[in-house]
Amino acid sequence: MSKRIALFPGSFDPITVGHVEIIRRGLSLFDEVIVGLGVNTQKKTMFSPEQRMRWIQAAFQDEPRVRIEQFSGLTVKFAQESGAQFLLRGLRDAFDFQYEKNINFLNKHLQEGIETVFLISDAETQTVSSSLVREIIHFGGTLNGLVPHEVIREIYPNGPQPSVG
Ligand code: ADP
1359 MSKRIALFPG
1369 SFDPITVGHV
1379 EIIRRGLSLF
1389 DEVIVGLGVN
1399 TQKKTMFSPE
1409 QRMRWIQAAF
1419 QDEPRVRIEQ
1429 FSGLTVKFAQ
1439 ESGAQFLLRG
1449 LRDAFDFQYE
1459 KNINFLNKHL
1469 QEGIETVFLI
1479 SDAETQTVSS
1489 SLVREIIHFG
1499 GTLNGLVPHE
1509 VIREIYPNGP
1519 QPSVG
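Residue numbers (the numbering used here): 1359 to 1523.
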């Protein structure tokens, strides 16, 4: 049987514990998970693609079944090119659901046969988002429990972070 490969697309600006959780759970369903770092020149990001890529790599350095790649353009096209038969997405709340429902419709319209698997986030990570993390970084607050250690070490290289935001 051919390998079951899922593409987990996103901006990962930066990667959070919520993303990590979805990828890890994805590994129990698929043989391989491709983390697709979408590089959209129109979208303003806090961190460069190289930086975002390094943090994802650091978080999964011991996991050979996770492949990390950059892409631009249509997600379904990249999925096809990289051999992924599935898309993997996380759902935190009704807003995510509404958004994903529309994207799912669009993706199926663009490429028949592509199937998206949605995983509902765990209670602990449900309120974590990259935009919340960026806000905290902007004000120099603590990132403990929100992003992988590698991200914290690079953002606060001089040790302990402020305990209050
Ligand atoms: P986008 O730029 O498409 O919004 P993100 O990088 O924010 O992408 O997220 C990529 C995927 O990760 C999306 O499916 C999103 O719903 C999911 N995700 C983000 N944060 C969490 C979280 N805390 N728990 C579960 N899924 C999450």
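We put the beta carbon where it would ideally sit given N, CA and C, even for glycine.
Check	Outcome
What would DSSP say about Pro1367, mapped onto helix, strand or coil?	strand
I'd like the list of long-range same chain contacts for Val1509, defined as Cβ closer than 6 Å, with 5 residues on each side in sequence excluded.	Pro1372, Trp1413
Drop a sphere of 10 angstroms on the beta-carbon of Leu1468, count the other beta-carbons inside from all chains shown, and report buried for 16 or more, exposed for fewer.	exposed
Which word fits Gly1523, buried or exposed, when buried means at least 16 other C-beta atoms lie within 10 angstroms of its C-beta?	Here Gly1523 scores only 48 on pLDDT, less than 50, and its place in the model should not be relied on; the value that follows carries that caveat. Result: exposed.
Find out if the Cβ-Cβ distance for the pair Ala1442, Ala1364 is shorter than 7 Å.	yes
Report, in whole angstroms, the separation of the C-beta atoms of Gly1499 and Leu1477, which I expect to be a contact under 8 Å.	Not quite, the Cβ-Cβ distance comes to about 28 Å (not below 8 Å), so this is no contact.
What does DSSP give as the partner residues of Ile1461 in its beta bridges?	Bridge partners of Ile1461: none, in fact.
Using the three-state DSSP reduction, which class does Leu1445 fall into: helix, strand or coil?	strand
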